[in-house]
Amino acid sequence: MNIKMILAAVLACLFLTCQSNPFSHDVISGERRTLSGVITTDGKLPLSGVFVWLDVIDVAAFSDNNGNYELTLPPRPILNNLGQVSGVFDLYYYSINHKITTQKIVLKDGEITWGAGDVNENGKLLPLFLPKLFQARTETAFRDIDPQTKEKLSITLHLSTDMENIKVLLPHGSPVLMGGVLIKNLSTGMVYLCENPGPIEPYGEILGRRERIWGFHPNFKALQLTSGEYEVTPFIFPDYPQLPAALLANLGMAGYQMNEKYAQICFTCDRAVFRVLNE
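When we follow this note's numbering, the leftmost residue of the sequence shown carries the number 19, and every step to the right adds one.
As structure tokens, then:
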């Protein structure tokens, strides 16, 4: 009986060993492949929607409503294919009107090195404070719009700053007109993209204390908005020449192309709300 029990125990151990794949680095516990942290802004308020992106490795995450984020490195075989298992990499924190900054991440053999770069001995990234760089708000000429009347959806963008050398880019814009806006149905969450044809290169302007105003006049009938409340977000970008093109490409906005993901990016803006009445 004792011999049978010993054999059964040995077979059980062998079975359990076969269940864990020693070549699957994605499931081995204890691997240092996850980055996490918290982001705040003025008044120590949590900052949601910050796009956190690791250069070259091209993995990303958005911060949540509490300012927390977490992203995981690809399995080691994928890093091997990229030829990027060791080195120093930049972790970008991207938003529209908060400070864009980076932290250094050190990888060795496909794992994060604790106590190196901006990762402490406990494997944590230091909390980040990202101040707001400029004030932004949108306004509409009418709070209520009746589809049966000739009222038009006229939108203005207002920008100002107390800081120096803050430059913004307006894709398809000009000194007086915005190139596009995103209109979000507050009930359904559906986002409508409104973009005017314009120059390929975005219009850029340095902001100051004096408020700058741009207009935008979308084709209301073409939007086919149903009754309900809508929120207006301007389609603009911070001018950051050092920004890798791959960051915006990850968002599907290479060359400042407009898509729905823009609405997820952190943008502290006083957004206009208008209402479409029943037909």
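Just so you know, even glycine gets a beta-carbon here, dropped at the ideal spot from N, CA and C.
**Assumed close pair D257, G222 - CB separation to whole angstroms, cut-off 8 Å** = In this structure, D257 and G222 form a Cβ contact; the two beta carbons are roughly 6 Å apart against a cut-off of 8 Å.
**Asked** Do the region 230–237 and the region 269–289 touch if we need at least three Cβ pairs shorter than 8 Å?
**Response** Cβ pair count under 8 Å is below three, so no.
**Asked** How about A159 and C287: do their beta carbons lie closer than 7 Å?
**Response** Against a cut-off of 7 Å, the Cβ pair of C287 and A159 comes out as no contact.
**Item:** Which of helix, strand or coil DSSP assigns to G273
**Value:** Residue state, collapsed to three classes: helix.
**Request:** Going by CA-CA distance only, name the one from E129, E88, D76, F69 that's closest to N115.
**Result:** Cα-wise, what sits closest to N115 is F69.
**Prompt:** When we look at the beta-carbon of P259 and count the other beta-carbons within 10 Å, is it buried (16 or more) or exposed?
**Reply:** P259 is exposed by the Cβ-count criterion.
**Request:** Please classify N296: is it buried, with 16 or more other beta-carbons within 10 angstroms of its beta-carbon, or exposed?
**Result:** Counting C-beta atoms within 10 angstroms of its own C-beta, N296 has fewer than 16 neighbours from the protein chains shown and is therefore classed as exposed.
**Prompt:** Over what stretch of residues does the alpha helix (DSSP H) that includes P252 continue unbroken?
**Reply:** Counting along the chain, P252 sits inside no alpha helix (DSSP H); it lies in the beta strand (DSSP E) bounded by residues 246–252.
**Item:** Cβ-based burial, G101 [other Cβ within 10 Å; buried from 16]
**Value:** Around the beta carbon of G101, a 10 Å sphere encloses fewer than 16 other beta carbons of the protein chains shown; the residue is thus reported as exposed.
**Prompt:** Since I57 contacts G85 with CB under 8 Å, what's their CB separation in whole angstroms?
**Reply:** About 5 Å separates the CB atoms of I57 and G85; that is less than 8 Å, so the two are in contact.
**Message:** Distance check for V103 and S178, CA to CA, integer angstroms please.
**Reply:** Distance between the alpha carbons of S178 and V103: 44 Å.
**Prompt:** With which residues is F160 paired in a DSSP beta bridge?
**Reply:** DSSP, once it has assigned bridges, lists no residue as partnering F160.
**Prompt:** What are the uninterrupted segments assigned as alpha helix (DSSP H) that are 4 or more residues long and contained completely in the region 145–215, given in chain order?
**Reply:** For the alpha helix (DSSP H) assignment, the region 145–215 encloses no uninterrupted run of at least 4 residues.
**Asked** Residues in its own chain within less than 8 Å of Y274 by CB, not counting five upstream and five downstream?
**Response** The beta carbon of Y274 sits closer than 8 Å to those of L187, P189, P220, F255, L266, all from its chain and outside the five residues before and after it, given in chain order.
**S47, buried or exposed, once every other Cβ within 10 Å from all chains shown has been counted against 16** = Low local confidence applies: a pLDDT of 37 at S47 is under 50, so the model's placement there is unreliable, and no value is given.
**Asked** Got a sec: is the Cβ-Cβ distance from T119 to anything in chain B below 7 Å?
**Response** The structure shown contains no chain B, having only a single protein chain.
**Item:** Minimum C-alpha distance to P64 - residue among E169, Y280, K170, C284
**Value:** Among E169, Y280, K170, C284, the Cα nearest to that of P64 is on C284.
**Pairwise C-alpha distance: V291 and E249** = Distance between the alpha carbons of E249 and V291: 5 Å.
**Pair within 7 Å by beta-carbon distance, V194 and K202** = Not closer than 7 Å, so no.
**Prompt:** Under three-state DSSP, which class holds R293?
**Reply:** Here R293 carries a strand assignment [DSSP, helix/strand/coil].
**Request:** Determine the burial state of S113: buried for a count of at least 16 other Cβ atoms within 10 Å of its Cβ, exposed for fewer.
**Result:** The C-beta of S113 has 16 or more other C-beta atoms within 10 Å across all chains shown, which makes the residue buried.
**Asked** With 16 as the cutoff for other CB atoms within 10 Å, does S81 come out buried or exposed?
**Response** The residue in question, S81, is buried, as its Cβ has 16 or more Cβ neighbours within 10 Å.
**Message:** Using the three-state DSSP reduction, which class does Q282 fall into: helix, strand or coil?
**Reply:** The answer is helix: DSSP assigns Q282 an H, G or I state.
**Message:** I need the DSSP call for N39, collapsed to helix, strand or coil.
**Reply:** Interpretation of N39 is limited by its pLDDT of 33, a score under 50 that renders its predicted location unreliable; no figure is taken from the coordinates.
**Helix, strand or coil at I118 [DSSP, three-state]** = I118: coil per DSSP, three-state reduction.
**Request:** Determine, using beta-carbon pairs with one atom in the region 70–77 and one in the region 88–97, whether at least three such pairs fall under 8 Å.
**Result:** Verdict: yes, contact present.
**Prompt:** Along the chain, where does the alpha helix (DSSP H) that runs through L91 open and close?
**Reply:** Run containing L91: none; DSSP gives neither H nor E here.
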